[in-house]
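**Q** Position one of the sequence shown corresponds to residue 1123 (the working numbering), numbered consecutively onward.
For glycine and all other residues, C-beta sits at the position ideal for the given N, C-alpha and C.
Model, not experiment: these values are computed from the prediction.
Got a structure for you, written out below as structure tokens; questions coming shortly.
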Amino acid sequence: MVTKINPAQMKQIVKEVGSPAFIYIEATISDNIARVRRAISNSGIQNKVNLYVSYFANSNPHIAAILANEEVGLTLQSIEENEQLEAHNLKSIPRIVSSTHLSRKDLEYFLKGNLQVNYATLSNLEEALKRGVNNLSIRVDLSPDSNQRQGIKPEQFNKVCRILNRNNRKLCGIHIYPGTKNKLEVHLRYQVKGLECLSIFQSLKEINLGGGFNYDYELVDGHFDWASYFIELKKRIDEFKVPKDIIFSIEPGRDILADTGLLIVQVNGIEKIVGKSAYEVFTDGSYVQMPSATIGQRQHRLSFYNSRFQEIICGLINEKAGYLSGNTTLSSDRLFPGIVYFPSSLKEGDYIILEDVGAYCATQHMDFLNKSSCPEAIIRKNGSLELITERGKMTDKIRNVLQSPWEIGGRK
């Protein structure tokens, strides 16, 4: 991440809302979207290519509003997500529902809202036909072992055709899920798998090649190789003689959002671990505020600032090894696993910046250990600073706990 934020901005935000705090950079979001679109344009693809982001990759409506302004759509998987967007007047943003099996109640909700649904099971597809849906799309599992939890399997494609023929309907779209954090080679295979579906579903008007594009958190520029991806897609389109009116969609959420965010934590103390050469660097953060790093065994690049927000350079000569420790009693509470290296001059009151936390970080805050959620701020393109999420209240963990129990069936 080339951080488009200056120390004065960080200092002002921390002065206003304290730490730990998440900060997002609007300009980086726009730059990342432009990078993908530039690769599409340079590839020579003449088919329309739509961009979508899974809402739960960040789950902040104010970030979703930026995506809407950039004409990037959202992929949803629950009623709650749609309600959050509508509560923030984001009804106009293009939305696609690509969930697991939907209950009749949930399916009815989405259809009443005129949202496009990618049906993940045959029974959902049949229910949609009963309700008179015309623009039919399915979520398909094209994984080598057909072992994805959701998605209609290739062995079921003939049955899909029979169901459609029986109802005199045609399939308009398919949505593929290649998995998560996959490198270029995997996605190129799924391009072929997706285009092969045209021989079975000849009426297709849209092929959603899904997401799961790898982002390398260890590199300064960890972005996916979009140039190669779209050059290869152009070759496949030509080989399969794909009509120009077929629309393609992709979901590069992690690549668009990852390096748009950072997390600021303050150092509470540094203690040498008895019997070892490493140190515990105690902070005011906790792994529960972005558990994805721990779950994924993932480290993030770090930068260091003193209490006046002057950068402290960490070099091979003046560094120490240690662990980033959270401030709860849990023995495994480290902001992410493994040894990190920090400047030997780092001390209590200084700050540590965790980079590339714009995707799957703040959105995964856990109630576990009763820690309040972090505030979220955004730096706008014009340099203005805005708070978009307040720090959680001390009682958030029990916000829905009743003062007095209600008797089930006893309320009028």
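Decide if V1314 is buried, meaning its Cβ has at least 16 other Cβ atoms within 10 Å, or exposed.
**A** exposed
**Q** How should M1516 be labelled, buried or exposed, when 16 other C-beta atoms within 10 angstroms of its C-beta is the threshold for buried?
**A** exposed
**Q** Please state if the CB of Q1134 and the CB of L1507 are separated by a distance shorter than 8 Å.
**A** yes
**Q** Mind reading off the beta-carbon distance from G1480 to G1383? Whole number of angstroms is fine, and I expect it under 8 Å.
**A** 3 Å
**Q** Which one of F1232, E1373, A1484 and V1389 has the shortest CA to CA distance from G1334?
**A** E1373
**Q** CA-CA distance, F1482 and I1296?
**A** Correcting the residue identity first, residue 1482 is Tyr in this sequence and not Phe. Going by the C-alpha atoms only, they are around 25 Å apart.
**Q** How long is the line joining the alpha carbons of I1417 and K1227, rounded to whole angstroms?
**A** 33 Å
**Q** Taking a contact to mean a Cβ-Cβ separation below 8 Å, would you say Y1337 touches Q1421 in this structure?
**A** no
**Q** Give the straight-line distance between the Cα atoms of I1435 and S1453, rounded to the nearest whole angstrom.
**A** 30 Å
**Q** Is T1197 closer than 8 Å to S1176 when the C-beta atoms are compared?
**A** yes
**Q** Please classify Y1463 as buried or exposed, where buried requires at least 16 other C-beta atoms within 10 Å of its C-beta.
**A** exposed
**Q** Over what stretch of residues does the beta strand (DSSP E) that includes Q1238 continue unbroken?
**A** Q1238 to Y1241
**Q** In the DSSP assignment, find the unbroken beta strand (DSSP E) run with S1152 in it and report its ends.
**A** Per DSSP, S1152 is not a residue of any beta strand (DSSP E); the alpha helix (DSSP H) it occupies stretches across E1148 to S1165.
**Q** Would you kindly check if the distance between the Cβ of L1457 and the Cβ of A1415 is under 8 Å?
**A** yes
**Q** Between which residues of its own chain and K1356 is the CB-CB distance below 7 Å, once the five residues before and five after are set aside?
**A** Cβ within range, chain order: S1165, G1166 and I1167.
**Q** Would you mind reading off the limits of the alpha helix (DSSP H) that contains V1136?
**A** P1129 to V1139
**Q** Decide if P1497 is buried, meaning its Cβ has at least 16 other Cβ atoms within 10 Å, or exposed.
**A** buried
**Q** Let me make sure I understand the geometry here. Which of K1493, N1191 and M1132 has the alpha-carbon closest to that of K1519?
**A** K1493
**Q** Look up R1311 in the DSSP assignment and say whether it is helix, strand or coil.
**A** helix
**Q** Is the beta carbon of I1298 sitting closer than 8 Å to the one on L1331?
**A** yes
**Q** L1385 and F1144 - do their beta-carbons sit closer together than 8 Å?
**A** For F1144 and L1385, yes; Cβs fall inside 8 Å.
**Q** With distance defined between alpha-carbon atoms, name the residue in Y1312, S1447 and K1252 nearest to Y1351.
**A** Y1312
**Q** Short check: CB of D1478 to CB of D1381, under 8 Å?
**A** yes
**Q** Secondary structure at A1415, three-state DSSP: helix, strand or coil?
**A** helix
**Q** With 8 Å as the threshold, decide whether the Cβ of I1372 is near any Cβ in chain C.
**A** This model lacks chain C altogether, as it is built from one protein chain only.
**Q** Straight-line CA distance for S1152 to N1290?
**A** 43 Å
**Q** Under 8 Å by Cβ, that's how I've got L1102 and A1187 pegged, so tell me the actual separation to the nearest angstrom.
**A** One cannot answer for residue 1102 here, as it falls past the ends of the chain, which runs 1123 to 1534.
**Q** Residues bridged to E1318 by DSSP?
**A** Answer is none; E1318 lacks a bridge partner.
**Q** Going by CA-CA distance only, name the one from S1371, Q1388 and G1397 that's closest to G1448.
**A** Q1388
**Q** Check whether the Cβ atoms of I1369 and N1240 sit closer than 8 Å, and answer yes or no.
**A** Not closer than 8 Å, so no.
**Q** Could you tell me the boundaries of the beta strand (DSSP E) in which N1390 lies?
**A** G1383 to K1394
**Q** Run through DSSP, which three-state label would Y1401 get?
**A** strand
**Q** Compare the beta carbon distance of I1238 and S1265 with 8 Å and say whether it is the shorter of the two.
**A** Inspection of the sequence shows that residue 1238 is occupied by Gln rather than by Ile. No. Outside cutoff.
**Q** In three-state DSSP terms, what is I1481?
**A** In the sequence under discussion, the amino acid at residue 1481 is Ala, which differs from the Ile named in the question. In this structure, A1481 counts as coil in the three-state DSSP scheme.
**Q** Over the uninterrupted alpha helix (DSSP H) stretch that includes N1246, give me the two end residues.
**A** L1244 to K1252
**Q** What are the start and end residues of the alpha helix (DSSP H) that includes L1326?
**A** Premise fails: L1326 is in no alpha helix (DSSP H) and is neither H nor E.
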